[in-house]
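**Q** Dumping the structure here so I can ask a few things about it.
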Amino acid sequence: MSGRWLGPLREALDAAPGRVTWFVRDDDGGWDDARLAALLDVADRHGMPVDVAMIPTETGPGLARELIARMDGSRLRVHQHGYSHTNHETEGRKCEFGPARPAGAIASDVRDGRRMLLERFGDRLDPVFTPPWNRSVPELAPALVSCGITVLSRDVTAGRLGHPGLREVPVDVDWFGGRRGVRWTREELGRRMATAVAAGGPVGLMLHHAVTPPEELDELDGLFALLAAHPAVRTRAIQEVALAA
Ligand SMILES: [Zn+2]
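For the sequence shown, position 212 matches number 234 in our numbering, and the numbering has no gaps at all.
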């Protein structure tokens, strides 16, 4: 697999006036543990930090033990991804914390999910929250803050909730992004990463291990190799990006 599609990204990094912060968020921890392990193996090979967004109801004790064991030799971090990854909307776009939910139900989902993940991960759980489908109503913000969550990560196109108790670290580039149901080509993806670098960063890349076929891990391997080796890149966990903001 040649890394030609990474050319524009390499050029953008070469031209960067300063260092560009880069983070990787992988969603849906709890689904397809074998694929999660395969992705984390690739990341670990390059010392790449990955923030895995864990679905509380899908995270069993075995998976938690495996991830905690891996943390000692890697830059793996875990945080909360909603509660059960359930779409509660009857029309329009899918959302776990959307307009169909009363504020009280949102608050109890956040609280219950956080309690479940704290039982699994203890102080290894970052105070970071990613809502499923990257969207939410503003009522999510006070629910997070009241549970001690201080960082929200959505998609950059979702805008900002602007709550004073929350730092926001949105993702910019979706590995599975596309237009009208057709995924971007690798070349388009590379150009998008280059554009995000040219904008100065931080650059957040969103992955979904459960739907990532093995052959795409080779492409991620090439990307992580470039990022790990390039002097203009500073790789960080979401929590570190939030603290530096
Ligand atoms: Zn998700």
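Think of the CB as a built atom: it goes at the ideal place given N, C-alpha and C, for glycine as much as any other residue.
With a threshold of 7 Å, establish whether the CB of residue 49 neighbours any heavy atom of ligand 1.
**A** Counting from 1 along the sequence shown, the entry for residue 49 is found at position 27. Result yes, Cβ under 7 Å from ligand 1.
**Q** Out of 68, 240 and 54, which one is the CA nearest neighbour of residue 258?
**A** Locating residue 258 in the sequence shown gives position 236, counting from the first residue. Of 68, 240 and 54, the residue nearest in Cα terms is 68.
**Q** Tell me whether residue 107, by its Cβ, gets closer than 7 Å to a heavy atom of ligand 2.
**A** Here the bound small molecules are ligand 1; ligand 2 is not part of this structure.
**Q** Is it buried or exposed, residue 36, if we count other Cβ atoms within 10 angstroms and call 16 or more buried?
**A** Start at 1 with the first residue of the sequence shown, and residue 36 comes out as number 14. The residue is exposed, with fewer than 16 neighbouring Cβ atoms inside 10 Å.
**Q** Report yes if the C-beta of residue 103 is less than 7 Å from at least one heavy atom of ligand 1; otherwise report no.
**A** Within the sequence shown, numbered from 1, the residue matching residue 103 stands at position 81. Flag set: Cβ of residue 103 near ligand 1.
**Q** Taking only runs that begin and end inside the segment 199-258, name each unbroken beta strand (DSSP E) of 3 or more residues, in chain order.
**A** List check, beta strand (DSSP E) in window: 225-229 and 255-257.
**Q** Which same chain residues end up closer than 6 Å to residue 200 when comparing Cβ atoms and leaving out the 5 residues on each side of it in sequence?
**A** Reading the sequence shown from its first residue, position 178 is the one you call residue 200. Only 206 meet the Cβ criterion.
**Q** Contact defined as beta carbons within less than 8 Å: I believe residue 28 pairs with residue 244. What is the distance between those atoms, to the nearest angstrom?
**A** Position 6 of the sequence shown holds residue 28. Position 222 of the sequence shown holds residue 244. Correct: roughly 6 Å between the Cβ atoms.
**Q** Roughly how far, in whole angstroms, is the beta-carbon of residue 195 from the beta-carbon of residue 260, given that I think they are within contact range, below 8 Å?
**A** Within the sequence shown, the letter at position 173 stands for residue 195. Within the sequence shown, the letter at position 238 stands for residue 260. Contact flag wrong, Cβ pair sits at about 15 Å.
**Q** I'd like the list of long-range same chain contacts for residue 234, defined as Cβ closer than 7 Å, with 5 residues on each side in sequence excluded.
**A** In the sequence shown, the residue the question calls residue 234 occupies position 212. Closer than 7 Å at the Cβ level, and outside the excluded window around residue 234, lie 57 and 61.
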